[in-house]
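S.K.: FYI, in this note's numbering the residues of the sequence shown are -3 to 291. We put the CB at the ideal spot given by N, CA and C, even for glycine.
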Amino acid sequence: MSFAKLDEGHRPDSPEVFLDTSIHCCFHKGETLRPRLKWVLGLFSWKGTSTYSKVEYGNVILSTAQYYLRMLRQFKSVALLQGHVQHVLLPQHHEKRTWVFDLVNTLARTEEERTRRATASLRRLLKLGTRVIEARCDGLADGTKCHWGTTGLQRRRDGEYVWKTPNCKSSNKACNIDGFFVEHRHIFKSIKTEIDALDADFLTDELKEFSRVIGEALADPSVLLDYDRGCRLLADAIIAVDSRGYRNFLTQNYKESRALTKVLAQRCYYLPNNPEHGVALCERRTPDVAEPPDA
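#1: Where does Val84 sit, in a helix, a strand or coil, going by DSSP?
#2: Quick check on Pro31: buried or exposed, where buried means 16 or more other Cβ atoms within 10 Å of its Cβ?
#3: Please list, in chain order, all residues of the same chain as Phe177 whose beta carbon is under 7 Å from its beta carbon, the five residues on each side excluded.
#4: Taking the straight line between their C-alpha atoms, what separation do you get for Asp174 and Thr200?
#5: Going by DSSP in three states, Glu287 sits in which element: helix, strand or coil?
#6: Rounding to the nearest angstrom, what Cα-Cα distance links His83 and Thr28 in this structure?
#7: Could you give the distance in angstroms between the alpha-carbon of Asp222 and the alpha-carbon of Ser167?
#8: Less than 9 Å separating the beta-carbons of Tyr64 and Ala114?
#9: Relative to the C-alpha of Gln78, which candidate in Gln88, Leu124, Val100, Gln70 has its C-alpha closest?
#10: Does DSSP put Leu15 in a helix, in a strand, or in coil?
#11: What residues in its chain sit with their C-beta under 8 Å from that of Leu85, if we drop five residues either side in the sequence?
#12: Would Tyr48 and Ala170 be called neighbours here (beta carbons separated by less than 9 Å)?
#13: Taking the alpha carbon of Leu68 as the reference point, which residue from Gly54, Val96, Val51 has its own alpha carbon closest?
#14: Does DSSP put Asn334 in a helix, a strand or coil?
#15: Going by alpha carbons, who is nearest to Pro8 out of Val36, Ile19, Lys25, Leu15?
#16: Can you tell which of Cys164, Val128, Arg132 has the C-alpha that lies nearest to the C-alpha of Trp144?
#17: Would you call the region 117 to 126 and the region 53 to 62 in contact, with 3 or more CB pairs under 8 Å?
#18: Can you list, in chain order, the residues of its chain whose CB lies under 7 Å from that of Val285, leaving out five sequence neighbours each side?
#19: How long is the line joining the alpha carbons of Ala131 and His24, rounded to whole angstroms?
#20: Quick one: Cα of Ala196 to Cα of Gln248, how far?
#21: Which residues does DSSP list as the beta-bridge partners of Cys278?
#22: Is it the case that the Cβ atoms of Thr102 and Val128 are separated by a distance below 9 Å?
#23: According to DSSP, which residues form a beta bridge with Val158?
#24: Go ahead and label Asp224 buried or exposed: buried means 16 or more other beta carbons lie within 10 angstroms of its beta carbon, across all protein chains shown.
#25: Over the uninterrupted beta strand (DSSP E) stretch that includes Tyr265, give me the two end residues.
#26: So, with DSSP's three-state summary, where would you put Thr102?
#27: Since Leu277 contacts Arg254 with CB under 8 Å, what's their CB separation in whole angstroms?
#28: Distance check for Arg228 and Lys160, CA to CA, integer angstroms please.
#29: Contact check, Tyr242 vs Phe71 under 8 Å by CB: the rounded distance?
#30: Cα separation between Leu203 and Arg105?
#31: For Pro283, collect the residues of the same chain with a Cβ closer than 8 Å to its Cβ; drop the 5 residues on either side in sequence, then sort them by chain order.
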């Protein structure tokens, strides 16, 4: 599959689009994305997503905002926080390094005022929590009936909001992920078949993990109830299957989504970080351009 850059005259085949977690996250990115995001969303009259995306959004945005807020209280300076994140944190803390300028970079006349504004902004972000996903969508698919999507954000006795990493276990079932898998077993099996047939150049580590976990779940769906070794490793595939009623799919993660949308017979719209690449559409038959770079 390759991608064709869209022009202003593009019209989608149908009026609905599904937003994956990467799109919910990119609402927090800067000016290079905002106009293109507004344009592509304007092509559609109905936007949907999965309630499972609330968990992924919390794990990425809310947990990172919580970390920044804690560090701001320690350093009492945006500049010191950003310096720590950029130069002290190890590479495996990818998300904390990625978001520090998007979530914390606040303009002000003094560093003290800048820090105060950044702290207030992060607190508002946490307070709003996953409700922002519901606010920007017309419909939410809820095949997994994910309990954590509504309970992961918790309020402490001191009034502060915190995001708790899921700790779901099969011994204390609180969702329908195993039933969801069984109901759509044929789709998950098709996803595994598609992944296993990919050339090595298109096979990412995440796709390999999808195939492995699906294989385990085909033998025993209850393995998905253990978050750390189950549904967490299959998150994007779960969200994709929850999108099965949509003909259009919008993402920033094209490497995985192109395989998933192929199985689901969806059109894959891709929003690159690099503004030079505009908005692209996955083309399976007669591509106009080569694949865009990751940037």
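M.R.: Well, looking at it:
#1: Numbered from 1 along the sequence shown, position 88 holds the residue referred to as residue 84. Note: Val84 maps to coil in three-state DSSP.
#2: Within the sequence shown, numbered from 1, the residue matching residue 31 stands at position 35. Flag for Pro31 reads exposed.
#3: Position 181 of the sequence shown holds residue 177. Closer than 7 Å at Cβ, skipping near neighbours: Phe184, Ala213, Pro217, Leu220.
#4: Along the sequence shown, one-based indexing puts residue 174 at 178. Along the sequence shown, one-based indexing puts residue 200 at 204. Each residue's Cα considered, the two are about 25 Å apart.
#5: Position 291 of the sequence shown, counting from 1, holds the residue named residue 287. In this prediction, Glu287 has a pLDDT of 49, which is less than 50 and means its spatial position is unreliable; nothing more can be read from the coordinates.
#6: Mapped onto the sequence shown, residue 83 falls at position 87. Mapped onto the sequence shown, residue 28 falls at position 32. His83 and Thr28: Cα-Cα distance of roughly 25 Å.
#7: As a first step, residue 222 is located in the sequence shown; it is residue number 226 there, counting from the start. As a first step, residue 167 is located in the sequence shown; it is residue number 171 there, counting from the start. Rounded to whole angstroms, the separation of the alpha carbons of Ser167 and Asp222 is 8 Å.
#8: On the sequence shown, residue 64 is found 68 positions in, with the first residue counted as 1. On the sequence shown, residue 114 is found 118 positions in, with the first residue counted as 1. Cβ atoms of Tyr64 and Ala114: closer than 9 Å.
#9: On the sequence shown, residue 78 is found 82 positions in, with the first residue counted as 1. Ranking Gln88, Leu124, Val100, Gln70 by Cα distance to Gln78 puts Val100 first.
#10: Walking along the sequence shown from the start, residue 15 turns up at place 19. Here Leu15 sits in strand by DSSP.
#11: Taking the first residue of the sequence shown as 1, we reach residue 85 at position 89. Hits under 8 Å: Lys92, Arg93.
#12: Indexing the sequence shown from 1 puts residue 48 at position 52. Indexing the sequence shown from 1 puts residue 170 at position 174. No, Cβ-Cβ distance for Tyr48 and Ala170 is not below 9 Å.
#13: As a first step, residue 68 must be located in the sequence shown, where it is residue number 72. Of the listed residues, the one whose Cα sits closest to Leu68 is Val96.
#14: Because the chain is modelled from -3 through 291, residue 334 falls outside the range shown and cannot be assessed.
#15: Taking the first residue of the sequence shown as 1, we reach residue 8 at position 12. Among Val36, Ile19, Lys25, Leu15, the Cα nearest to that of Pro8 is on Val36.
#16: Position 148 of the sequence shown holds residue 144. Nearest option by C-alpha distance: Cys164.
#17: yes
#18: The residue given as residue 285 occupies position 289 in the sequence shown. In this prediction, Val285 scores a pLDDT of 39, lower than 50, which makes its location untrustworthy; no coordinate-derived value is stated.
#19: Residue mapping note: residue 131 aligns to position 135 of the sequence shown, counting from 1. Residue mapping note: residue 24 aligns to position 28 of the sequence shown, counting from 1. About 15 Å.
#20: Locating residue 196 in the sequence shown gives position 200, counting from the first residue. Locating residue 248 in the sequence shown gives position 252, counting from the first residue. The alpha-carbon separation between Ala196 and Gln248 amounts to approximately 21 Å.
#21: Within the sequence shown, the letter at position 282 stands for residue 278. Its beta-bridge partners are Phe(-1).
#22: For the purposes of this step, residue 102 is taken as residue 106 along the sequence shown, with counting starting at 1. For the purposes of this step, residue 128 is taken as residue 132 along the sequence shown, with counting starting at 1. No, the Cβ-Cβ distance between Thr102 and Val128 is not below 9 Å.
#23: As a first step, residue 158 must be located in the sequence shown, where it is residue number 162. Note: Val158 sits in a beta bridge opposite Gln150.
#24: If you number the sequence shown from 1, residue 224 lands on position 228. It is exposed - the Cβ of Asp224 has fewer than 16 other Cβ atoms within 10 Å.
#25: Indexing the sequence shown from 1 puts residue 265 at position 269. Element bounds for Tyr265: 263 to 266.
#26: Reading the sequence shown from its first residue, position 106 is the one you call residue 102. Three-state result, Thr102: coil.
#27: Position 281 of the sequence shown holds residue 277. Position 258 of the sequence shown holds residue 254. Not quite, the Cβ-Cβ distance comes to about 11 Å (not below 8 Å), so this is no contact.
#28: The residue you call residue 160 lines up with position 164 of the sequence shown. The residue you call residue 228 lines up with position 232 of the sequence shown. Distance between the alpha carbons of Lys160 and Arg228 is about 14 Å.
#29: Counting from 1 along the sequence shown, the entry for residue 242 is found at position 246. Counting from 1 along the sequence shown, the entry for residue 71 is found at position 75. That pair is no contact at about 44 Å.
#30: Position 207 of the sequence shown, counted from the first residue, corresponds to residue 203. Position 109 of the sequence shown, counted from the first residue, corresponds to residue 105. A straight-line Cα-Cα distance of about 47 Å links Leu203 and Arg105.
#31: Counted from its first residue, the sequence shown places residue 283 at position 287. Its pLDDT being 34, under 50, Pro283 is placed unreliably by the model, and the measurement read from it follows with that caveat. Excluding residues within five positions, the ones whose Cβ falls inside 8 Å are Met(-3), Ser(-2), Phe(-1), Ala0.
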